Amino acid sequence: MSSLRVSNSANEMVGACARPGSFRPGRYLRQMLATAYFFLVAIMASPIFWLLHKLAGRRIAMQTGQKMIRKLFRSHIAVMKGLGMLRLEIQGMEGLRDLRGTIIVSNHPSLFDAVLLIGNLPPSACVMRADLLRNPAMCGGALLAGYVTNDSGPAFVRQGIEKIRSGDNLLIFPEGTRTENPPLNPFKHGFAMVATHSRAAVQTVLIEYGGTHLAKGVSLFAPADVPLHFRLRVGERFQALPDETPRAFSRRMETWFREALETSEARH
Numbered sequence: 020m021s022s023l024r025v026s027n028s029a030n031e032m033v034g035a036c037a038r039p040g041s042f043r044p045g046r047y048l049r050q051m052l053a054t055a056y057f058f059l060v061a062i063m064a065s066p067i068f069w070l071l072h073k074l075a076g077r078r079i080a081m082q083t084g085q086k087m088i089r090k091l092f093r094s095h096i097a098v099m100k101g102l103g104m105l106r107l108e109i110q111g112m113e114g115l116r117d118l119r120g121t122i123i124v125s126n127h128p129s130l131f132d133a134v135l136l137i138g139n140l141p142p143s144a145c146v147m148r149a150d151l152l153r154n155p156a157m158c159g160g161a162l163l164a165g166y167v168t169n170d171s172g173p174a175f176v177r178q179g180i181e182k183i184r185s186g187d188n189l190l191i192f193p194e195g196t197r198t199e200n201p202p203l204n205p206f207k208h209g210f211a212m213v214a215t216h217s218r219a220a221v222q223t224v225l226i227e228y229g230g231t232h233l234a235k236g237v238s239l240f241a242p243a244d245v246p247l248h249f250r251l252r253v254g255e256r257f258q259a260l261p262d263e264t265p266r267a268f269s270r271r272m273e274t275w276f277r278e279a280l281e282t283s284e285a286r287h
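Here it is in structure tokens:
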């Protein structure tokens, strides 16, 4: 899950706003309001989630924590739509309502992907970067929801298998970071190790986004071409073959994603 960090460089914001033909004050104000809303609510909610995690511990089911995060992200999606900042198309997501013990994998074109997926998927344990546990806007919810960090090697695989076997869904971005070379970065193999060892099904979800706002290397303060247009599309479901290695399965999944995204781009 990519870090939602705000740059502290004033020059970055000024430079982004000064691009000719890209800055419209009213539209930019709505963009900043949406950004401020997300971080304000997250920073207010995170200490509450942290206290619940510390005081209640195992008495609060992790799926309950996941549902709370989902409601928080849904509220942000609603605000984005209400401000005219977001146009979201969803295809096939209703068929995943009863998904359990499944690895959900998706491509990762923008900083907004985790919000969109967690807000629309059934409760899932998200795989996230460890440094998010030091992020005051994210750590409380991540602890309460039982999210998994991806930097621990064998421990990550073990935790992932435990989540799957307990009936949790596991949400993973196999690229490891936002897409730098569209349509897809090379996949990391951690998800495939969990899949081959747990024998879990792997459900694909495609995120189609043609914009640059919130993409890798683009400032959070850069004026956006709004509304941001995202399409979430449920793809095929896969299973690792009995004799398939994690590396081979990861490559098969990467090839499918690459072809699906290229075909979609050519069609639109």
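Going by the numbering used here, the letters in the sequence shown line up with residues 20 to 287, in that order. Even for Gly, the Cβ is constructed at its ideal location relative to N, Cα and C. Just so it is clear, the structure is predicted and the values come from calculations on it, not from any experiment.
- Spatial neighbours of M81 in its own chain (CB-CB distance under 8 angstroms, excluding positions within 5 residues in sequence) are listed in chain order as A144, L163, A164, G165 and D187.
- Boundaries cannot be given for A234, as no alpha helix (DSSP H) includes it and DSSP labels it neither H nor E.
- Taking C-beta atoms as the reference points, L233 and L130 count as a pair closer than 8 angstroms.
- Following the DSSP letters along the chain, one finds G209 inside the alpha helix (DSSP H) bounded by residues G209 to S217.
- A straight line joining the alpha-carbon of R177 with that of D244 spans about 42 angstroms.
- Nearest to G45 by alpha-carbon distance, out of F57, P242 and N200, is P242.
- The beta carbon of W275 is closer than 8 angstroms to those of T223, G254, E255 and F257 in its chain, skipping five residues each way along the sequence.
- Proximity of the segment 93 to 113 to the segment 204 to 219 falls short of the contact definition, fewer than three beta-carbon pairs being nearer than 8 angstroms.
- T54 sits in a helix when the DSSP states are folded into three classes.
- As a beta-bridge residue in DSSP terms, R256 pairs with Q222.
- Assigned with DSSP and collapsed to three states, H72 falls in helix.
- Listed in chain order, the non-local C-beta contacts of L52 below 8 angstroms within the same chain comprise L102, local neighbours out to five positions each way being set aside.
- Here I226 is not near F240, since their CB atoms are 8 angstroms or more apart.
- Taking C-alpha positions only, G120 is separated from T196 by approximately 24 angstroms.
- With contacts defined by Cβ atoms closer than 8 angstroms, A61 and A156 form a contacting pair.
- Excluding its 5 nearest sequence neighbours in each direction, R93 has C-beta neighbours in its own chain below 7 angstroms: G138, listed in chain order.
- I109 has L251 as its beta-bridge partners, per DSSP.
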